[in-house]
Each structure stands twice: as C-alpha cells, then as structure tokens.
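A.B. asks: According to mature numbering (1 follows the signal peptide of the UniProt record, and there is no 0), the sequence shown holds residues -27 to -1, 1 to 418 in order. Where is the CB? At the ideal position from N, CA and C, for every residue including glycine. Questions regarding the structure given below will be posed in turn.
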Amino acid sequence: MKTKQTIKQFSVSCLAALMLSAPATYASDIEADLQKRISAAQASLNKTEQSISRDRAELARNIGQLERSVRELDKQTAAARRLEDERNLSLSALEERLAKWTNQRNYQSNLVQQFLRQQGNTEPGTFAEQLSAINSIASASERWLEPDFTPIELALPDGTVTDAQKLSLGPVHWALHNSRAFSIAETGGEWQVVKASEVSVADALEQLREGKESPLAFDPSLSQFDQIPDESLLDHLQKGGIWALPILLFALIALVIGIIKAVQLLRLPAVVSYTPAALRNALKKNEPLFDRESMQQRLFETAQISGSARERDDQLFLQLQQDRLILEKRLTAIAITASVAPLLGLLGTVSGMIETFRMMTLFGSGNPEVVSGGISQALITTELGLVVAIPALVVHSLLSRRARSYYLSLENFAVLLSQDEGKNPSGKDTTSRSQTTATNEVAPA
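Encoded structure:
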C-alpha cells in the first residue's frame, strides 16, 4: 500500500511539472501515458504480492515439516540417550540387576519343582521338561472332573497281575475285577492293591460302570487312618515315663479316700430339729432321742450329764470339735492331690522337653522318631496331672461342702442345747449357778 501511494504521488508530481512546462496540446498525451504506466505498475505490484503470498504459504509448510522433523529427532535423541545411558551403566549395577533376575528365576523354578514333588514327580529335568510335566498334570486334573473306567494291569495281593477296570476320583482310586472292588494306589509305575473294599462298594462301582447313579463311599484320609497304631491304656501310661507313677499313686490315694469319705458322709443320719420347749422336756425325761452312734445323740448325752451351764457349754464345744475332726478327717489328702498332680505333670513336661532337646543334640531334628519319646512324656504327664487334679478338686469341694453343712447342723443343735437354763436330770438347779458364774466372769472386766 505504501508503494502505491508513492507511485501516485510521483505521477501527480510529474504531471504537474509537465503541465507547467509543456504546452497544453501535449497534456492529454502525457496524461494517457502516465495512466498506462500507473496501470502497469499496479499489475506488477499485484503479481508481486501474489508471489509473496505463495512463497509465505510454502515457507509455512516448510517450517511445519521442519518442526515435526525436530520433534521426531528429539524422540530419537532421547531414545539414543537412554540407550547410551544403559551402555554407560556401571558393572555393579548390571550385576545387581542380573542377580535380581537370577533370584526371580530360581524362585519360579523352586515353585515348579515343589509342585512337581507334591505330585510325585521327583525327577528334576530341564525347565522345559518341568513345564511339560505341569501341562500333563493339568490335563489329568481336567480328566478328574469327568471320571471314567479305564483298563489297567493290577497286581493282586497274592502277586498275580490281572486286568481290571480303574475308576479315579481325584486322589482316590478303585479297581473292579470279577465283581470285587479294591482300593488301589500306583507304586513304582504299577497299580497295587491297598486293601479290599466292601461288597457295597463293588455294587456301587458296577452300577456306575453301567451308567447308573450310585453313592460311593471313600476314606478321606487316603488309608492313613488305618496306619494309626492301636494303643492300650497301659501303653499310653508307659509313655508318660517315671513321673506318671507318683501321679497315679496320688490318684489312687485320692480315689480310696474319696470313696471312704463319701460312704461315711452319706451314711450319717440326718440332724433332727427340735423346738426349745420339746428339747427341754426331752432333757428332763433323761431318755435317748437318737441313735446312740450318732453325733447328735452324743451332743444330747453331753448336755444331759453336765453339772452346770458352763461345764455343759465347754463339753458341747469339745464334742463339736471332735465331730468336726471326724467329718473333715483325710479330706486334706484329696486337696493335696488336686494341688500336687498338676505340678507333677509340669515336672514331667520339663523332664520330657529336656530329653527331647538332648536327643535333638545327639541325633538332630531330621528324624521325628528320635524326639517323639520326650514329647510323649512331656504331653502325657501334663494330661495325667490334669486328669487327676480336676476330679480330685471336684470331689474335695463336694465332700467339704457336705461335711461343713452337717457340722453347721450339729452346731445349731448344740446352741439350742446350751440355751436351756432349767434343771439338769439330776435335779440340781443350774440357773442360779450359771448366773453366778456369769457375774463372776463379768465382774473383773
């Protein structure tokens, strides 16, 4: 735009100069010539602007392509820089990374080997062979979901090998041969009879082979329950060792005393209750009211033969103490048994653990049979101690409660006897004597 204005100003200046200098006849010619020049200049200007616009668009496209090329080069540079950084890593970093990868691979390999050992495959082989074995186990597991009878060669207990039909349900295997069923297991690559099954199992297998539905019982312990040895009570006690003997001795003592005291306390006659008036009349009659061997009768006779109230009270107190000793006699032995038996069991436990650690020191802990003796002693003595202590504690509580209850009844009866202030059977007046005695006792105070 500035160029156009400059051209117009120049044209006007030239025209003015020509008009001033040239004659009037040439004015029109000059003006026409100037108009042609102006039009030519404008056409050239437009062409130049269009060329500039095209060049600008082309330059913009080129700049965009160059920017994209720069970004791509930046990415390539970053990748090349990372690659160069990895190449420039120190040897220790590479060794550390290699060690991590090696540990990861060893961990995975150990898991695979452990799984194969659990499945009975003890051959290590290469990693590819191990993966192949795992695939075979997976295929067999899929077949377990759809059990079916398959022909096998079965080794019978008498050593003969015969054809049989095998049915597998997970780890449980049966064989059907001549309408007889067997529980079988694979040993050394051949199927052997573990034990003969019942007739009901054979009938169920026959129905299943015919395509019918039938319940089929099996041993969830996989015949391991049959391997548990039968143990008698004497064998169990012998495993407790030497410390089981004093526990059994205390148990025998507590048992004998408990039976004797239970019979004694249960055979005691019941204490008969009397009103003070009825008891006073009975004392005056001087006749026995109870069984002569009963404790209540002894208290009654003590009250009858006493000469004074003080003497009567003393005699009644002494008789009550004797009766209490008779009722509670030997109960302490049962309480001692209840207290000592757990301590003896604990002593046996400590002794058994010492024996266990001693055997582990000598032979190691790899063989469980070596340390089983000490562990059995430790556990069985504790068991025996508790088995003896708990019943002894219960028996002692029951017998003590019975003896205490009977003694309280006798004590109440003695209190009732001591409240009588009348005459004794000999005709002597004990009221004034008891009052005099009470006065003499209170006076010094």
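Enumerate in chain order the residues of its own chain whose CB-to-CB distance from Ala235 is below 7 Å, with the five nearest sequence positions on each side excluded.
C.D. replies: Position 262 of the sequence shown, counting from 1, holds the residue named residue 235. The answer, listed in chain order, is Leu372.
A.B. asks: Got a sec? Which residues, its chain only, sit under 6 Å from Ala365 by beta carbon, not counting five neighbours each side?
C.D. replies: Reading the sequence shown from its first residue, position 392 is the one you call residue 365. So the qualifying residues of the chain are Ala227, Ile307, Thr310, Ala311.
A.B. asks: So, is Gly347 buried or exposed, given that buried needs 16 or more other C-beta atoms within 10 angstroms?
C.D. replies: If you number the sequence shown from 1, residue 347 lands on position 374. Buried, because 16 or more other Cβ atoms sit within 10 Å of the Cβ of Gly347.
A.B. asks: Report back the beta-carbon spacing between Leu252 and Leu390 to the nearest angstrom; my notes put them in contact at under 8 Å.
C.D. replies: By one-based count along the sequence shown, residue 252 stands at place 279. By one-based count along the sequence shown, residue 390 stands at place 417. Between Leu390 and Leu252 the Cβ distance is about 7 Å, and since that is below 8 Å, they are a contact.
A.B. asks: Using the Cα positions of Asn83 and Thr354, report the straight-line distance between them to the nearest angstrom.
C.D. replies: For the purposes of this step, residue 83 is taken as residue 110 along the sequence shown, with counting starting at 1. For the purposes of this step, residue 354 is taken as residue 381 along the sequence shown, with counting starting at 1. Roughly 42 Å between the two C-alpha positions.
A.B. asks: Scan the segment 154 to 228 and note each continuous alpha helix (DSSP H) run of 4 residues or more that stays entirely inside, going in chain order.
C.D. replies: 172 to 182, 206 to 211
A.B. asks: CB-CB under 6 Å to Glu301, same chain, minus the five flanking residues each way: which ones, in chain order?
C.D. replies: Residue 301 sits at position 328 when you count from the first residue of the sequence shown. Hits under 6 Å: Ala376.
A.B. asks: Since Phe122 and Gln138 should fall inside the 8 Å C-beta cutoff, what is the C-beta to C-beta distance between them, to a whole number of angstroms?
C.D. replies: Here residue 122 is taken as the residue at index 149 of the sequence shown, counted from 1. Here residue 138 is taken as the residue at index 165 of the sequence shown, counted from 1. The Cβ separation is near 4 Å, so the contact holds.
A.B. asks: Is it the case that the Cβ atoms of Gln180 and Ser173 are separated by a distance below 7 Å?
C.D. replies: Taking the sequence shown and counting its residues from 1, the one referred to as residue 180 is at position 207. Taking the sequence shown and counting its residues from 1, the one referred to as residue 173 is at position 200. Cβ distance not < 7 Å, so Gln180 and Ser173 don't count as in contact.
A.B. asks: Whole angstroms is fine: what's the gap from Val367's alpha carbon to Ala224's?
C.D. replies: One-based indexing of the sequence shown puts residue 367 at position 394. One-based indexing of the sequence shown puts residue 224 at position 251. Approximately 13 Å, taken between the alpha carbons.
A.B. asks: Buried or exposed: where does Arg90 fall if 16 or more other Cβ atoms within 10 Å of its Cβ makes it buried?
C.D. replies: Position 117 of the sequence shown holds residue 90. Counting Cβ neighbours within 10 Å, Arg90 comes out exposed, since fewer than 16 surround it.
A.B. asks: Could you tell me which residues DSSP puts in a beta bridge with Val134?
C.D. replies: The sequence position of residue 134 within the sequence shown is 161, counting from 1. Partner(s): Ala128.
A.B. asks: Measuring only the C-alpha atoms, how far is Ser109 from Glu163?
C.D. replies: In the sequence shown, counting from the first residue as 1, residue 109 sits at position 136. In the sequence shown, counting from the first residue as 1, residue 163 sits at position 190. Approximately 18 Å between the Cα atoms of the pair.
A.B. asks: In chain order, what residues of the same chain lie with their CB nearer than 7 Å to the CB of His369, ignoring the 5 residues before and after it?
C.D. replies: Position 396 of the sequence shown holds residue 369. These residues qualify, in order along the chain: Leu304, Ile307, Ala308, Ala311.
A.B. asks: Do three or more CB pairs link the segment 311 to 330 to the segment 280 to 290 at distances below 8 Å?
C.D. replies: no
A.B. asks: At what residues does the alpha helix (DSSP H) containing Ala148 begin and finish?
C.D. replies: Here residue 148 corresponds to residue number 175 of the sequence shown, with the count starting at 1. Looking at the DSSP string, Ala148 is not in any alpha helix (DSSP H); the run it does join, the beta strand (DSSP E), is 145 to 150.
A.B. asks: With H, G and I counted as helix, E and B as strand and the rest as coil, what does DSSP make of Ser42?
C.D. replies: For the purposes of this step, residue 42 is identified with residue 69 of the sequence shown, where counting begins at 1. In this structure, Ser42 counts as helix in the three-state DSSP scheme.
A.B. asks: So who's on the other strand from Leu18, going by DSSP bridges?
C.D. replies: Here residue 18 is taken as the residue at index 45 of the sequence shown, counted from 1. The partner list for Leu18 (beta bridge, DSSP) is empty, contrary to what the question assumes.
A.B. asks: Which residue from Thr99, Gly98, Pro144, Leu7 puts its Cα closest to that of Ala113?
C.D. replies: Translated into positions along the sequence shown, residue 113 becomes position 140. The residue with the shortest Cα to Cα distance from Ala113 is Pro144.
A.B. asks: What alpha helix (DSSP H) runs, 4 residues minimum, are completely inside the segment 296 to 368?
C.D. replies: 304 to 336
A.B. asks: What do you get for Val134, buried or exposed, if any count of 16 or more other CB atoms within 10 angstroms of its CB means buried?
C.D. replies: Taking the sequence shown and counting its residues from 1, the one referred to as residue 134 is at position 161. Burial call: exposed.
A.B. asks: Taking the C-alpha atoms as reference points, what is the distance between Asp58 and Ala52?
C.D. replies: The sequence position of residue 58 within the sequence shown is 85, counting from 1. The sequence position of residue 52 within the sequence shown is 79, counting from 1. Near 10 Å, if we compare the C-alpha coordinates of Ala52 and Asp58.
A.B. asks: So, helix, strand or coil for Thr123, using DSSP?
C.D. replies: In the sequence shown, the residue the question calls residue 123 occupies position 150. Here Thr123 sits in strand by DSSP.
A.B. asks: Quick check on the burial criterion: 16 or more other C-beta atoms within 10 angstroms. Buried or exposed for Thr322?
C.D. replies: Counting from 1 along the sequence shown, the entry for residue 322 is found at position 349. Classification of Thr322: buried, given that the 10 Å Cβ count is 16 or more.
A.B. asks: Hey, Ala175 and Gln165 are a contact pair by Cβ (cut 8 Å); roughly how many whole angstroms apart?
C.D. replies: Looking up residue 175 in the sequence shown gives position 202. Looking up residue 165 in the sequence shown gives position 192. Their Cβ separation, rounded to whole angstroms, is 18 Å, which puts Ala175 and Gln165 out of contact at 8 Å.
A.B. asks: Rounded to a whole number of angstroms, what is the C-alpha to C-alpha distance between Arg34 and Glu40?
C.D. replies: Locating residue 34 in the sequence shown gives position 61, where the first residue counts as 1. Locating residue 40 in the sequence shown gives position 67, where the first residue counts as 1. Roughly 10 Å separates the two Cα atoms.
A.B. asks: Look up Leu142 in the DSSP assignment and say whether it is helix, strand or coil.
C.D. replies: Position 169 of the sequence shown, counted from the first residue, corresponds to residue 142. It is a strand residue.
A.B. asks: For Gln288, does the three-state DSSP call read helix, strand or coil?
C.D. replies: Numbered from its first residue, the sequence shown carries residue 288 at position 315. Note: Gln288 maps to helix in three-state DSSP.
A.B. asks: Tell me whether the beta-carbon of Gln269 lies closer than 7 Å to the beta-carbon of Val244.
C.D. replies: By 1-based counting over the sequence shown, the position of residue 269 is 296. By 1-based counting over the sequence shown, the position of residue 244 is 271. Result yes, Cβ atoms of Gln269 and Val244 sit closer than 7 Å.
A.B. asks: Specify, as a first and last residue, the run of the alpha helix (DSSP H) that Gln392 falls within.
C.D. replies: Walking along the sequence shown from the start, residue 392 turns up at place 419. Looking at the DSSP string, Gln392 is not in any alpha helix (DSSP H), and its letter there is neither H nor E.
A.B. asks: Phe191 to Leu335, Cα distance in whole Å?
C.D. replies: As a position in the sequence shown, residue 191 is number 218, starting the count at 1. As a position in the sequence shown, residue 335 is number 362, starting the count at 1. If you take the alpha carbons of Phe191 and Leu335, they lie about 43 Å apart.
A.B. asks: Classify Leu241 as helix, strand or coil using the three-state DSSP reduction.
C.D. replies: Counting from one through the sequence shown, the residue named residue 241 turns up at place 268. In the structure shown, Leu241 sits in coil (DSSP, three-state: anything other than H, G, I, E or B).
A.B. asks: Since Thr275 is in the alpha helix (DSSP H), which residue starts that stretch and which ends it?
C.D. replies: Numbered from 1 along the sequence shown, position 302 holds the residue referred to as residue 275. Unbroken alpha helix (DSSP H) run through Thr275: 268 to 278.
A.B. asks: If I'm right that Leu127 touches His150 with Cβ under 8 Å, what's the distance once you round it to whole angstroms?
C.D. replies: Here residue 127 refers to the residue found at position 154 of the sequence shown. Here residue 150 refers to the residue found at position 177 of the sequence shown. So it is a contact: roughly 6 Å between Cβ atoms.
A.B. asks: What's the C-alpha gap between Tyr80 and Arg153?
C.D. replies: One-based indexing of the sequence shown puts residue 80 at position 107. One-based indexing of the sequence shown puts residue 153 at position 180. Their Cα atoms are separated by approximately 47 Å.
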